[in-house]
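Trainee: Sharing a structure here in structure tokens format.
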Amino acid sequence: MTVLIENRQSSIAVDDGLMQIAEKIVDAAFTKEDFPYGYEVGITLVDNATIAALNKEYRGVDAATDVLSFAMLEGEEFIDLNEEEEAIVGDVVISMDKVVEQAEEYCHSREREFAYLLLHGVLHLLGYSHDGEEDTRRMRKREEEILEGLGLTR
Numbered sequence: 002m003t004v005l006i007e008n009r010q011s012s013i014a015v016d017d018g019l020m021q022i023a024e025k026i027v028d029a030a031f032t033k034e035d036f037p038y039g040y041e042v043g044i045t046l047v048d049n050a051t052i053a054a055l056n057k058e059y060r061g062v063d064a065a066t067d068v069l070s071f072a073m074l075e076g077e078e079f080i081d082l083n084e085e086e087e088a089i090v091g092d093v094v095i096s097m098d099k100v101v102e103q104a105e106e107y108c109h110s111r112e113r114e115f116a117y118l119l120l121h122g123v124l125h126l127l128g129y130s131h132d133g134e135e136d137t138r139r140m141r142k143r144e145e146e147i148l149e150g151l152g153l154t155r
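Going by the numbering used here, the sequence shown opens with residue 2, and the numbers climb by one from there.
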């Protein structure tokens, strides 16, 4: 398991506790999904301006969002890996400005909001979506199972 975290913003303090939460979230998601390989996930922490630019470039949406996921492998591509290889699964980009804004809006801790956004992004890397009602229910259920298992409830 490799979790690479890069902090590319300076307005919101990021401490070791947040880094530990990140590793726990990623590990819990891959464990819950019975992921059969080693894996590498990149996490980049940015500000609203940076994520807005990425959102416009990759999704055509000219606005800041809270989290973006960039999957490297899909479906059959995992089949070609052997047990000794680490799958480079993809990257998750999180707006730390949105972490603070949404934690205040939803009346919970920044840590809980960060954990939720990271988990949401990682689940996208693992193939989850919220394109329809059933997909959304399935994704939300998995998010809550993992967060509750880690004691990160609202």
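Beta carbons are placed, not taken as given, at the ideal position from N, Cα and C, and that holds for glycine.
1. Could you give the residue range of the alpha helix (DSSP H) that holds E24?
2. Taking Cβ positions, are S96 and D67 nearer each other than 7 Å?
3. Rounded C-beta distance between D92 and T45? I'm assuming under 8 Å.
4. Rounded C-beta distance between A41 and L5? I'm assuming under 8 Å.
5. Under three-state DSSP, which class holds Y38?
6. Would you mind working out which of A116, V100 and E87 sits nearest P37, comparing C-alpha positions?
7. Name the one or two DSSP bridge partners that T51 has.
8. Going by DSSP, which residues form a beta bridge with G91?
9. With DSSP as the reference, identify every bridge partner of L8, one or two as the case may be.
10. Look at the Cβ atom of V90, then the Cβ atom of A30, and state whether they are nearer than 7 Å.
Mentor: Let me spell this out:
1. D17 to K33
2. yes
3. 6 Å
4. The sequence shown places Glu at residue 41, not Ala. About 7 Å; that satisfies the 8 Å criterion.
5. coil
6. E87
7. Beta-bridge pairing links T51 to no other residue.
8. V42 and A72
9. Checking the displayed sequence, the identity of residue 8 turns out to be Asn instead of Leu. For N8, which the question treats as bridged, DSSP gives the partners L46.
10. no
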